[in-house]
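Asks: If you're matching them up, the sequences are chains A and B in order.
Numbering-wise, the UniProt record's numbering puts 113 at position 113 of the first sequence, and it's gapless, one number per residue.
Numbering-wise, the UniProt record's numbering puts 90 at position 90 of the second sequence, and it's gapless, one number per residue.
Mind looking over this structure? Questions follow.
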Amino acid sequence: MTLTSATTAPTRTERPIKQVHLAAHFPGVNNTTVWRDSNQASQIAFSSFRHFAQNAERGKFDFLFLAEGLRLREHKGLIHDLDVVGRPNTLAVLAGIAAVTEHIGLVGTLSTTFNEPYELARQLASLDQISLGRAGWNIVTTSDAFHGENFRRGAYLDRGDRYTRAEEFVEVARRLWDAWAPDAITADKATGEFLAADALGHVDHHGPQFDVTGFATLPRSPQGSPVIVQAGDSADGRDFASRTAEVIFSLHSGFEDGQAFYSDVKGRLAAVGRHRDSLKILPAATFILGDTEADARERSRETALLQVSPQTAIAFLEQVWGTDLGGYDPDGPLPDIDPVTSDEGVTRGRVRHGADPAVIAKGWRELAEAEGLSIRDLVIRFAAKHTFVGTPVQVAETINRYVQEDASDGFVIVGSTNPTGLDEFVDHVIPELQERGVYRTDYEPGATLRQTLGLPV
Amino acid sequence: MTARFHLGIALDGAGWHPAAWREPDARPDELFDLAYWVDLVQIAESAGIDLVTFEDAFGLQSAGFGGVDDRRDEVRGRLDALLLATAIAPHTTRIGLVPTVTTTHTEPFHVGTATATLDYVSEGWGGWRVQVSGRAHEAAHVGRRSFLALDPAAVVAGTDPAQTALIEELFGEAADTVEVARRLWDSWEDHAVIRDVPTGRFLDRDKVHYIDFAGDSFTVKGPSITPRPPQGQPVVFALAHQKVPYELATAAADIVGITPKDDAHLGRILGELADAAKVVIRTAPEPLRVWSEAVVLIEDSREEAQAVLARLDAVHKATYTSDTVILADTAANVAAQLLAWQAAGLDGVRLRPARLPADLVRISTEVVPLLAAAGVLDRPADAATLRARLGLGVPENRYATPQPTANDLIGSARS
């Protein structure tokens, strides 16, 4: 008998140190992607994707993330021309990236509105096979006529049906992914049996959104199913995520705000019988590094001016005001006219955040007046805010604090230039995280994305 | 100058003979591994083959044309061909990659951007084998519409109005999908990205165009989200067996694959293609190239090749039949057949290896040198894209703003 355990046991349970999870977001078609520099490479050339992916893999990121384009944005009835525009097909370029990487997860946004479950399930299973288990799917819903004009069904989906369709979509996809027995392919040359008996399960689904009958064309992929990522933030979106998602790509990158979101969503898991660790919450984050804090702040200001050109400042305001503000000076005060309210936004093809334009305009005018901000200054506040600004040590410590104090499980990091925007993050911040013992120094050999994320398999 | 003759390899599973997967050097347990496909394509690339195609369909393979069967002694299951080809692309530099992409249930917009992306990832070596899905069980996978069971014999005979109507619907939709893809590929002019700091404009929006396509089964507004691909338009290949598909190919494809059983049959097919050319308006940018199709099994003697074929048939407990000619013969005799087709005016051939990798290796190491010696494999030394390698020009962009000519400028200066 020994008393050791009684005498040396800690007085309270030590909180386990959480590991930081990071995703790398390929710079998209927003004003935040700086193009005003001859060093910025093509956002389409495969060499850009290769560089981006291989750098993120060098930084041991859990996964890289690509958004999806379904239509070019329009502003005031014309194709928006101020931001980077044009991107490849999400699934196809992920397949190309799979070939030039070994460990990093490959996550793409793919709409449940403008795809069919049989086809998309098959494509995702193929990506998972090709990448040896690294595929992930950011599920989004789209319902508007603007995007629908490029697709067979056009606009037909009521807003309220979006998550209904998404959930049924995932359910059908899961049935297809599970349809082949785990050891379906025997490929026994001697006996001549290629498929085991009862290897293929028949899928027969009839629901409000889909009728899918038949046999999947692929064996079970290495992960069985790709990792399910979701970004919706409404109550419906949070419920959907708590039932379905394994990663949430969140917009709550403020600390207290992040803690509140984290607590809310993780709190919903128990009710659906899921463990807290079965869902990772990763807010979107930008960063600006410097040798000193002052240096980083200066770089942040310089970058913001590149992200919000005079023309972009006016266009941003026009999105809220709903009218042409071309006559206003971007370096002058905010317009004193009230916004024009209409159902149709002045910018189409952009995610809308739903607030009342009159309320936003009033708040902005008050803020600008109180702080003496020009139009461009104010737009920088909202459209070029950098989440982490500081030295690599400061940024690493902030990221770690978010994770250890449950404001997130990590971040989806996006750089401001293409495709090298994350290079200095990998060079300088990653080693700091590794030194603190909160970030991997290498991938587990042969790990699937689900394993890399530390999710239940 | 000797005319050129082009070579494609049709890759599928462990080879086109249903028993090929049981051959000693077959790798049937690797059919879903990227490495297996990269190996095959690199064999073809090293040999100087112009392009490879990847078979695909919207449903499981079956022994007959119709629904799913319960055979467990044949290869079943396939990777998505477009994603497979795109994943192979970074591993190759000078061979065309032509996946089969169905037009029947897919979104034309996705097809257009995905094929353009293959062209970007391969840096100008992308193509697309257009294929319809006429199978009722494949329609049930999508559940949007139901088809009557397609009967290929009735279609060829042209005696059943319902069958004829279905074929016309499917190929009409395929033609619309090719048209949408070509318009989407053209929807960005080449210098649309301007990065003009003084005006704050990344894009010259006047060089990006709505396509405003309206067809019987869908409409697509455009423009593409993906700028014009490196080849301008990836190479469009269509396999065709009868009147309606001949018309699709003649109107819209860059290359048509035909399936002659013998010389007389070849003559009839060429006549039907010529008839098709009289009744359709060709929308593709270059004259149609005509390639033959052949299943190939090569051994050191014709007797051996025939014996291997018979052995495979015995293993499979059925005689292998094909929609096209089966050449089970020596490399020399296969090469002689290809040269005869070249002499008859065909532009190329898509060979379907009966066994993989065995017949691909035989083609690469034995048939290709014979063709090279015959002088039909000269290629432009500077061919940086599949189109260039095939002697196809860069298509003009239908939306490109006409540049003023010298006379226009002089005229406007005088007025």
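The beta carbon of each residue, even a glycine, is placed where N, CA and C say it ideally should be.
It should be emphasised that the depicted structure is a prediction, and the values quoted were computed from it without experimental measurement.
1) Quick check: the region 70-81 of chain B against the region 117-128 of chain A, are at least 3 beta-carbon pairs closer than 8 Å?
2) For A:F114, which residues in chain B fall below 9 Å Cβ to Cβ?
3) Leaving out five residues on either side along the sequence, give the residues of the same chain with a beta carbon under 6 Å from the beta carbon of B:P99.
4) I'd like to know if B:I43 contacts chain A, where contact means its C-beta is closer than 7 Å to some C-beta of that chain.
5) Within a Cβ cutoff of 8 Å, which residues of the same chain sit near A:S242, ignoring the five residues on either side of it in sequence?
6) In the DSSP assignment, find the unbroken alpha helix (DSSP H) run with residue 488 of chain B in it and report its ends.
7) Ends of the beta strand (DSSP E) at A:F151?
8) Using a Cβ-Cβ distance cut-off of 7 Å, determine whether residue 460 of chain A contacts chain B.
9) With 9 Å as the C-beta to C-beta threshold (strictly closer), list the residues of the region 62-80 of chain A near chain B in chain order.
10) Just the C-alpha distance for A:Q451 and A:Q54, rounded to the nearest angstrom, thanks.
11) Find the residues of chain A that neighbour B:E179, judging by a C-beta separation of less than 9 Å, and give them in chain order.
12) Would you mind working out which of B:D347, B:L370, B:A328 sits nearest B:A336, comparing C-alpha positions?
13) By Cβ distance below 8 Å, which residues in the same chain neighbour B:E247 in space, the five residues on each side in sequence not counted?
14) Drop a sphere of 10 angstroms on the beta-carbon of A:L3, count the other beta-carbons inside from all chains shown, and report buried for 16 or more, exposed for fewer.
15) When you compare the CB of A:G96 with every CB in chain B, is at least one pair closer than 7 Å?
16) Between A:F210 and chain B, is the shortest Cβ-Cβ distance under 7 Å, so that the two count as touching?
17) Which word fits A:P222, buried or exposed, when buried means at least 16 other C-beta atoms lie within 10 angstroms of its C-beta?
18) Among the residues of its own chain, which have a CB less than 7 Å from the CB of B:I269, if the five just before and after it don't count?
19) Within 10 angstroms of its Cβ, does A:H80 collect 16 or more other Cβ (buried), or is it exposed?
20) Write down every uninterrupted run of the alpha helix (DSSP H) in the region 251-309 of chain B whose length is 4 residues or greater and which is fully enclosed by it, in chain order.
21) For a contact defined as C-beta to C-beta under 7 Å, what are the partners of B:P227 on chain A?
22) In chain B, what lies closer than 8 Å to A:V100 by C-beta?
23) Going along the chain, which residues of its own chain have a beta-carbon closer than 7 Å to the beta-carbon of B:H241, five neighbours each way excluded?
24) Hey, does B:R78 have any beta-carbon neighbour from chain A nearer than 7 Å?
25) Out of curiosity, what's the CA-to-CA distance linking A:G160 and A:H202?
26) Grab me the residues of A:G86's own chain with a C-beta within less than 7 Å of its C-beta, minus the 5 sequence neighbours each way, in chain order.
27) Taking three-plus beta-carbon pairs below 8 Å as touching, is the region 287-298 of chain A in contact with the region 19-28 of chain B?
28) Within the chosen definition, does the region 214-233 of chain A reach the region 109-119 of chain B through at least 3 CB pairs nearer than 8 Å?
29) Can you list, in chain order, the residues of its chain with a C-beta nearer than 7 Å to that of B:R398? Leave out the 5 residues immediately preceding and following it.
30) Would you grab the beta carbon distance between B:T117 and A:N89 for me? Rounded to a whole angstrom, and I think it's under 8 Å.
31) Within the same chain, show all residues whose beta-carbon is closer than 6 Å to that of B:V156, passing over the 5 residues directly before and after it, in chain order.
32) Going by CA-CA distance only, name the one from A:E432, A:A67, A:R71 that's closest to A:D144.
33) Using the three-state DSSP reduction, which class does A:T191 fall into: helix, strand or coil?
34) Of the residues B:V101, B:F65, B:T92, B:W125, which one's Cα is nearest the Cα of B:L390?
35) From A:P335 to B:S224, what distance separates their C-alpha atoms?
36) Under 7 Å Cβ-Cβ, which residues of chain B neighbour A:R118?
Replies: For this structure:
1) Yes, the region 117-128 of chain A is in contact with the region 70-81 of chain B.
2) Under the 9 Å cutoff, chain B gives E107, F109, H110.
3) Contacts found: F54, A81, L82, A85.
4) no
5) V265, R268, L269, A271, V272, R274, L279
6) The structure shown has nothing for residue 488 of chain B, since chain B only spans 1 to 415.
7) No beta strand (DSSP E) holds A:F151; DSSP gives it neither H nor E.
8) Outside the shown range of chain A, which is 1 to 457, sits residue 460 of chain A, and nothing can be said about it.
9) E68, G69, L70, R71, L72, L78, I79, H80
10) 20 Å
11) Within 9 Å Cβ-Cβ: nothing; B:E179 doesn't reach chain A, min ~15 Å.
12) B:L370
13) F171, A276, V279, V280
14) Residue confidence is low: A:L3 scores 42 on pLDDT, short of 50, so the model does not pin down where it sits. No coordinate-derived value is stated.
15) yes
16) Yes, A:F210 counts as interfacial toward chain B.
17) buried
18) I258, P260
19) buried
20) 263-279
21) In chain order: I44, G86.
22) P90
23) T259, D323
24) yes
25) Distance between A:G160 and A:H202, taken at the CA atoms: about 31 Å.
26) Cβ within range, chain order: Q43, I44.
27) no
28) no
29) D186
30) 4 Å
31) Q242
32) A:R71
33) coil
34) B:W125
35) Straight-line Cα distance between these residues: approximately 35 Å.
36) Position check: residue 118 of chain A holds Tyr in this sequence, whereas Arg was assumed. Correct list: H141, V142.
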